[in-house]
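Asker: First residue of the sequence shown? That's 454 in my numbering, and the numbers climb one at a time after it.
We put the beta carbon where it would ideally sit given N, CA and C, even for glycine.
Please read through the structure below; I'll follow up with questions.
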Amino acid sequence: MYLKQILFFSILTGSLLPAKAQYTEMINSNRPGTSQGAFAVGNKVLQFESGLGLGWEDHRLLKTETDAFTIDYSIRYGLMWEQLEINFSGSFLSETVLDSRSAVPFEFSRSNFKTNTLGAKYLIYDPYKKRDIEKPNLYSYHANNKFRWRELIPAVSVFAGVNLDTKDNPFLPLNDSNITPKVIVATQNNFEGGWVFVTNIIADRISSDFPTYSYILTLTHAFNPKTSAFIENQGIKSDFYADQLFKFGGAYLLSQDFQVDALATINFKDTPSKFFIGIGASYRIDMHAKDEIIEEKTDRNDSKEDKKKKKRKGDFVEEEIEQ
């Protein structure tokens, strides 16, 4: 039932809610949010994304208080085509837990990799590909800025990967498989005024005894070419863990290849209650070849008749000037 609600909400939002070509002149990072955008980094672009976080949890029923330290990381590479990206992402978690269930509270620590996922993402539908080469209407401001229903159609990509978990991991169910599949359907809408809306529908650890289904909704706004902010809602459902997380933060572009960010995360339950803060950075090594300009090819391939007309037109102008 929960998964059906997620799917319905995602389809409805995606249909009611532009992105440019795969490669962009400035870095295109998934940080500081958790969701994946629909677009790849671009062919021959190697990108690193990482962050550090501090967190506090308080579990009312278990009577535990937890201090957490996290490291998130991601390596992304555009391979062969503009639409294809391979990536490796994960997180390391270290916790210090104070357990107050007994007469004498005691403290213990635990740490391990919470996730490690290797996979590939492919853009299967790009509604903006042809729009980028459309020319503006030079005679009408209204025609260039009016709302078009086609802007509600998002770009769509699919991610498929495998989780590579360590044995005896305290953050995973006991006796769970170390290799499990993960699938994500991502949509992305870019609107006028610097607004971007991303949705993710996720099926994780599908083959295990505790599969996880979740969604992520991320809304980002760019105030100027360097500064942006985001809000995000993540819903998680499984027999092992369920939650509703709300995140907000911002990013600042130091150069076209380097971005820094900060974020905060909260939830609204007490089993456990959570509050996290974090900072991060994204950097890319840009080896992307320059795109060819289609218009130049068209000019070079003009027919002989067109060239003759241009020549005659030029001669006519020269004769008028001489007179």
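Measuring CB to CB, does residue 728 end up less than 8 Å from residue 495?
Answerer: In the sequence shown, residue 728 corresponds to position 275, counting from 1. In the sequence shown, residue 495 corresponds to position 42, counting from 1. Cβ distance not < 8 Å, so residue 728 and residue 495 don't count as in contact.
Asker: Suppose you measure from the CA of residue 558 to the CA of residue 521; what does that come to, to the nearest Å?
Answerer: In the sequence shown, the residue the question calls residue 558 occupies position 105. In the sequence shown, the residue the question calls residue 521 occupies position 68. Between the C-alpha atoms of residue 558 and residue 521 there is a straight-line separation of about 18 Å.
Asker: Mind reading off the beta-carbon distance from residue 517 to residue 551? Whole number of angstroms is fine, and I expect it under 8 Å.
Answerer: Within the sequence shown, the letter at position 64 stands for residue 517. Within the sequence shown, the letter at position 98 stands for residue 551. Right, their Cβ atoms sit about 7 Å apart.
Asker: Short of 8 Å in beta carbon distance, which residues of its chain neighbour residue 740, apart from the five on each side in sequence? Order them along the chain.
Answerer: By 1-based counting over the sequence shown, the position of residue 740 is 287. Around residue 740: 497, 498, 499.
Asker: What is the rounded straight-line gap between the Cα of residue 661 and the Cα of residue 690?
Answerer: Position 208 of the sequence shown, counted from the first residue, corresponds to residue 661. Position 237 of the sequence shown, counted from the first residue, corresponds to residue 690. The alpha-carbon atoms of residue 661 and residue 690 are separated by roughly 14 Å.
Asker: Around the C-beta of residue 619, are 16 or more other C-beta atoms found within 10 angstroms, so that it is buried, or is it exposed?
Answerer: For this step, residue 619 is matched to residue 166 along the sequence shown. Exposed is the call here.
Asker: Measuring alpha carbon to alpha carbon, tell me which residue in 511, 573, 627 is nearest residue 549.
Answerer: If you number the sequence shown from 1, residue 549 lands on position 96. Comparing Cα positions, the closest option is 511.
Asker: Buried or exposed, going by whether 16 or more other CB atoms sit within 10 Å of the CB of residue 775?
Answerer: Residue 775 sits at position 322 when you count from the first residue of the sequence shown. Since pLDDT at residue 775 reaches only 47, below the 50 mark, its modelled position is unreliable, and the value read off the structure follows with that caveat. Exposed, because fewer than 16 other Cβ atoms sit within 10 Å of the Cβ of residue 775.
Asker: Measuring alpha carbon to alpha carbon, tell me which residue in 647, 487, 571 is nearest residue 698.
Answerer: The sequence position of residue 698 within the sequence shown is 245, counting from 1. For residue 698, the nearest C-alpha among the options comes from 487.
Asker: When the Cα atoms are used, what is the spatial distance from residue 736 to residue 478?
Answerer: As a position in the sequence shown, residue 736 is number 283, starting the count at 1. As a position in the sequence shown, residue 478 is number 25, starting the count at 1. Rounded to whole angstroms, residue 736 to residue 478 spans 13 Å at the Cα level.
Asker: If you run the structure through DSSP and keep just helix, strand and coil, what is residue 548?
Answerer: Numbered from 1 along the sequence shown, position 95 holds the residue referred to as residue 548. DSSP places residue 548 in strand when its eight states are reduced to three.
Asker: Quick one: using the 10 Å Cβ neighbour count with 16 as the cut-off for buried, is residue 576 buried or exposed?
Answerer: The residue given as residue 576 occupies position 123 in the sequence shown. It is buried - the Cβ of residue 576 has at least 16 other Cβ atoms within 10 Å.
Asker: Could you tell me the distance, in whole angstroms, from the CA atom of residue 506 to the CA atom of residue 563?
Answerer: Locating residue 506 in the sequence shown gives position 53, where the first residue counts as 1. Locating residue 563 in the sequence shown gives position 110, where the first residue counts as 1. Approximately 16 Å between the Cα atoms of the pair.
Asker: If we count the other Cβ atoms within 10 Å of its Cβ and call it buried at 16 or more, is residue 677 buried or exposed?
Answerer: The residue given as residue 677 occupies position 224 in the sequence shown. Exposed, because fewer than 16 other Cβ atoms sit within 10 Å of the Cβ of residue 677.
Asker: Apart from the five residues just before and just after residue 748, which ones in its own chain have a Cβ nearer than 6 Å to its Cβ?
Answerer: By one-based count along the sequence shown, residue 748 stands at place 295. Here the model assigns residue 748 a pLDDT of 43, short of 50, so the residue's position is not dependable, and the following value carries that caveat. Once the five neighbours on either side are set aside, residue 748 has no close Cβ partner at all.
Asker: So residue 502 is in the beta strand (DSSP E); what residue range does that whole segment cover?
Answerer: If you number the sequence shown from 1, residue 502 lands on position 49. Where residue 502 is concerned, the enclosing beta strand (DSSP E) stretches over 498 to 512.
Asker: Between the Cα of residue 634 and those of 673, 624, 656, spot the shortest distance and give me the residue it belongs to.
Answerer: The residue you call residue 634 lines up with position 181 of the sequence shown. Among 673, 624, 656, the Cα nearest to that of residue 634 belongs to 656.
Asker: If you draw a straight line from the alpha carbon of residue 628 to that of residue 621, how long is it in whole angstroms?
Answerer: Within the sequence shown, residue 628 is the residue found at index 175, counting from 1. Within the sequence shown, residue 621 is the residue found at index 168, counting from 1. Straight-line Cα distance between these residues: approximately 8 Å.
Asker: According to DSSP, is residue 610 helix, strand or coil?
Answerer: Here residue 610 is taken as the residue at index 157 of the sequence shown, counted from 1. Three-state result, residue 610: strand.
Asker: Straight-line CA distance for residue 625 to residue 659?
Answerer: Residue 625 sits at position 172 when you count from the first residue of the sequence shown. Residue 659 sits at position 206 when you count from the first residue of the sequence shown. Approximately 14 Å between the Cα atoms of the pair.
Asker: Based on the DSSP secondary-structure assignment, which residues constitute the bridge partners of residue 636?
Answerer: For the purposes of this step, residue 636 is taken as residue 183 along the sequence shown, with counting starting at 1. In the DSSP output, where bridge partners are listed per residue, residue 636 has 613, 656.
Asker: Roughly how many angstroms lie between the CA atoms of residue 713 and residue 623, to the nearest whole one?
Answerer: Here residue 713 refers to the residue found at position 260 when the sequence shown is read from its first residue. Here residue 623 refers to the residue found at position 170 when the sequence shown is read from its first residue. Near 31 Å, if we compare the C-alpha coordinates of residue 623 and residue 713.
Asker: Anyone know if the C-beta pair for residue 685 and residue 670 falls short of 8 Å?
Answerer: Position 232 of the sequence shown, counted from the start, is the residue given in the question as residue 685. Position 217 of the sequence shown, counted from the start, is the residue given in the question as residue 670. Yes, the Cβ-Cβ distance between residue 685 and residue 670 is below 8 Å.
Asker: Verify whether the separation of the beta carbon atoms of residue 569 and residue 616 is less than 8 Å.
Answerer: Looking up residue 569 in the sequence shown gives position 116. Looking up residue 616 in the sequence shown gives position 163. Against a cut-off of 8 Å, the Cβ pair of residue 616 and residue 569 comes out as a contact.
Asker: DSSP three-state call for residue 674: helix, strand or coil?
Answerer: Position 221 of the sequence shown holds residue 674. Three-state DSSP puts residue 674 in a strand.
Asker: Is residue 745 helix, strand or coil when you go by DSSP?
Answerer: What you label residue 745 is simply residue 292 of the sequence shown in a count that begins at 1. Caution applies to residue 745, whose pLDDT of 43 falls short of 50 and renders its modelled position unreliable; the value that the coordinates give is listed next. Three-state DSSP puts residue 745 in coil, outside helix and strand.
Asker: Determine, using beta carbons only, whether residue 609 and residue 640 come nearer to each other than 8 Å.
Answerer: Your numbering for residue 609 matches position 156 in the sequence shown. Your numbering for residue 640 matches position 187 in the sequence shown. It is a contact, given that the beta carbons lie within the stated cut-off.
Asker: Quick check on the burial criterion: 16 or more other C-beta atoms within 10 angstroms. Buried or exposed for residue 654?
Answerer: For the purposes of this step, residue 654 is taken as the residue at position 201 of the sequence shown. Residue 654 comes out buried.
Asker: Within 8 Å of any Cβ in chain D, is that where the Cβ of residue 517 sits?
Answerer: Among the chains in the structure shown there is no chain D, since it carries only a single protein chain.
Asker: Give me the residue from 542, 688, 680, 515 with the minimum Cα distance to residue 572.
Answerer: Here residue 572 corresponds to residue number 119 of the sequence shown, with the count starting at 1. Looking at the Cα atoms, 542 is the closest of the given residues.
Asker: Nearest-angstrom Cα distance between residue 489 and residue 651?
Answerer: Within the sequence shown, residue 489 is the residue found at index 36, counting from 1. Within the sequence shown, residue 651 is the residue found at index 198, counting from 1. Using only the alpha carbons, I get a separation of about 8 Å.
Asker: If you drop the 5 nearest sequence neighbours on each side, which residues of the same chain put their C-beta closer than 6 Å to that of residue 476?
Answerer: Taking the sequence shown and counting its residues from 1, the one referred to as residue 476 is at position 23. Leaving aside the five residues that flank residue 476 on each side, the residues in its chain whose CB is nearer than 6 Å to its CB run, in chain order, 495, 741.
Asker: What residues in its chain sit with their C-beta under 7 Å from that of residue 679, if we drop five residues either side in the sequence?
Answerer: What you label residue 679 is simply residue 226 of the sequence shown in a count that begins at 1. Cβ neighbours of residue 679 beyond the five flanking positions: 705, 706.
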